[in-house]
Structures are given as structure tokens and as C-alpha cells.
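Novice: In this note's numbering, the protein residues as written are 7 to 324.
Sharing a structure, written as C-alpha cells. Questions coming.
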């Protein structure tokens, strides 16, 4: 046993990390309670923006422990009808992926240089014993994504790919969109699904769905997203290994057809949710895409978003 592993065992590391995660979830609950006076949809939207990021839903305390955030959307006008159906490029994944996921001992991506001294960012969780160091994905591993296209709007493939490109450029993290999946969106998604994806952590699930399937998308909620830790791993450090983004496909379809800015607004929603997946949470600053309301109509990451994403891509390997 390695020295670090022996020390971890002697100091009851697994139990310590469970207590740490419970404290993080309690803090998420506390922050949610602070925003409880502002219920979803309680305030109208300014005419300068077509969507609103609402406060996060409460973190589930089940064994699966999924913390997520929500994004709201308001679209005027009628529903735009399309003549064609969108299909995600790539293989349809119904069982275990044949591809072996690459592992490296050095970061796979190019870490961006610090472009701002802004502190207008906040993390979903920080590492135990390191009050300012965020919990991160492993930058030496590819973050795999699979997509459930059940309610995908026209152009969803390009929308997702553009959003992933922005998050990757800002963080240095490397993503791979493996293709589509039949995995249904559900609350409390576990970090692993051996029957579907094999023994390792599941890929991030991006699901185009609707409020009948995910009731949290009811009203003006356009999406929910967040990271998931590995509940099965014994490690000396905490990290995110997968996550979810559930998007209201019918609402996105209306948004994309509403105005010339619809595409940029839709991409911003997906960027916001993917930023939650890699570990950013909401901030009060109005010039940040991670602002809880985005009443300034941000269509791209602000200086604090970029600095937070840079730090989230600078986590330890292994």
C-alpha cells in the first residue's frame, strides 16, 4: 500500500470524506434557503434578455447525492415548426462503449493563462482542508459526454458542440462527445452504471427532455445541471467524475426561433449548465454568465467566469 493510502486508511479517510461531502451538501442547502424568498418565476424578465438563470434546486440527500443548478427561460411568440428532425452525429450507445478512455499523468489540454484578477466566481465545493481549492475533474482524463436526444431541438448538435468548445477553451479541460444514449434523464443519477457503461464512472449525460419527464423543468426553467462525485472510489482527494445537464427541448426550440439572438441565447444557457457541471456555481456579479438571474443578458463568459473555469481546469491529476 502506498504511504498516502496507508495514512488515508489509518485516519479513516473514507469516513472523513463522507462527512466532508455531508457538510458540503448542508452548505448547498443553506445557500438554497437564502434564496428561498425568490421563488422560480416570481419576477418578470427585462425585455433586453430572453432567459434567466434561477437559484439552484435543493441538493438531494440520497445516496446518489446530486447537486445541480437551474436555468430559466422565457420565450415570446409562437412555436417555430421545422421540417426536419435533428440526429446527433456519432454512434448510438446502448451498452458499454468499445473505446478505451485515455488516461495520462499530465493535463491533456492547454491550460489558459490568467487573463483577469476578478474574484467574481464561486465553486460548487472546495477540497477538504483547502478552503480555496475547488473540487475538480481530473485534467489528465477526457470528460466524456453522451446525449439523449429524445426532445432535441433542431440544431442541438451544433449548439452543444459550440458550448463545449467555450468551456474547454476557458478551462483547459478536454471533452469528447461520444454520441447518443438511451439512458433516460432522472433525478439522483448515480456516478456509475456498470450495465450501460462498464466499471468506470459514467459519462456526463446531456439530455434533451421536457417537464413531463423531469418535473423540475416545469414553468420557465430551461435547464438543470451539476457535477457528481464518485461514490464508489477510495481516494485521498475529492473530485468530480461525471454530471448531468437536463435541458427543456421544446422551450429551447421556441427560443432558437424567437429572434436573431436566439442561437446565442441558447448557447449561453448550455454554457451556463456545463459550467455548473465542471464546478462553478452562481455569483451576484451582473457581468458574469454565472449570475443567478443574468438580467444583463450575458451571452458569453465574463472575467470572473473565466478565472473560475481556469482554476477548475488546474486541479490535480490522478
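Backbone N, C-alpha and C fix where the C-beta goes; we use that ideal spot for every residue, glycine too.
In three-state DSSP terms, what is residue 228?
Specialist: Note: residue 228 maps to strand in three-state DSSP.
Novice: I need the straight-line Cα distance from residue 323 to residue 148, nearest angstrom please.
Specialist: Approximately 12 Å, taken between the alpha carbons.
Novice: To the nearest angstrom, how far is the alpha carbon of residue 127 from that of residue 134?
Specialist: Taking the straight line from one Cα to the other gives about 19 Å.
Novice: Can you give me the start and stop residues for the alpha helix (DSSP H) that residue 158 sits inside?
Specialist: Segment: none, residue 158 is in no alpha helix (DSSP H) and carries neither H nor E.
Novice: So, with DSSP's three-state summary, where would you put residue 201?
Specialist: Residue state, collapsed to three classes: helix.
Novice: On a Cα-Cα basis, can you pick out the residue from 140, 223, 202 and 185 that is closest to residue 177?
Specialist: If we check each option's Cα against that of residue 177, 140 comes out closest.
Novice: State the beta-bridge partners of residue 297 as determined by DSSP.
Specialist: DSSP output for residue 297 lists 289 as bridge partner(s).
Novice: So what's residue 253 in DSSP terms, helix, strand or just coil?
Specialist: Here residue 253 sits in strand by DSSP.
Novice: By DSSP's criteria, residue 238 is part of a beta bridge. Which residues make up the other side?
Specialist: According to DSSP, residue 238 bridges with nothing at all.
Novice: For residue 170, name the three-state secondary structure that DSSP assigns.
Specialist: Here residue 170 sits in helix by DSSP.
Novice: For the candidate residues 175, 225 and 255, whose alpha-carbon lies nearest to that of residue 154?
Specialist: Ranking the options by Cα distance to residue 154, first place goes to 255.
Novice: Is the beta carbon of residue 215 closer than 8 Å to that of residue 157?
Specialist: For residue 157 and residue 215, yes; Cβs fall inside 8 Å.
Novice: Note down, in chain order, each residue of its chain lying with its Cβ closer than 6 Å to the Cβ of residue 316, except the 5 sequence neighbours on either side.
Specialist: Within the same chain, residue 316 has close Cβ partners 118.
Novice: According to DSSP, simplified to helix, strand and coil, what is residue 185?
Specialist: Looking at residue 185 - three-state DSSP - the assignment turns out to be strand.
Novice: Give a yes or no on whether 8 Å exceeds the smallest Cβ distance from residue 183 to chain B.
Specialist: The structure shown has no chain B; it contains just one protein chain.
Novice: If we ignore side chains and look at the alpha-carbon of each, how far apart do residue 308 and residue 203 end up?
Specialist: Distance between the alpha carbons of residue 308 and residue 203 is about 35 Å.
Novice: Enumerate in chain order the residues of its own chain whose CB-to-CB distance from residue 121 is below 7 Å, with the five nearest sequence positions on each side excluded.
Specialist: Hits under 7 Å: 312.
Novice: Under the assumption that residue 277 contacts residue 228 (Cβ atoms under 8 Å), give the Cβ distance between them as a whole number of angstroms.
Specialist: Going by Cβ atoms, the distance from residue 277 to residue 228 rounds to 12 Å, so no, they are not a contact pair.
Novice: With distances taken between CB atoms, is the gap from residue 281 to residue 152 smaller than 8 Å?
Specialist: For residue 281 and residue 152, no; Cβs fall outside 8 Å.
Novice: Report the option in 292, 150 and 179 whose CA atom is closest to the CA atom of residue 248.
Specialist: Of the listed residues, the one whose Cα sits closest to residue 248 is 150.
Novice: Taking the continuous alpha helix (DSSP H) assigned at residue 284, which residues delimit it?
Specialist: Note, residue 284: alpha helix (DSSP H), 268-284.
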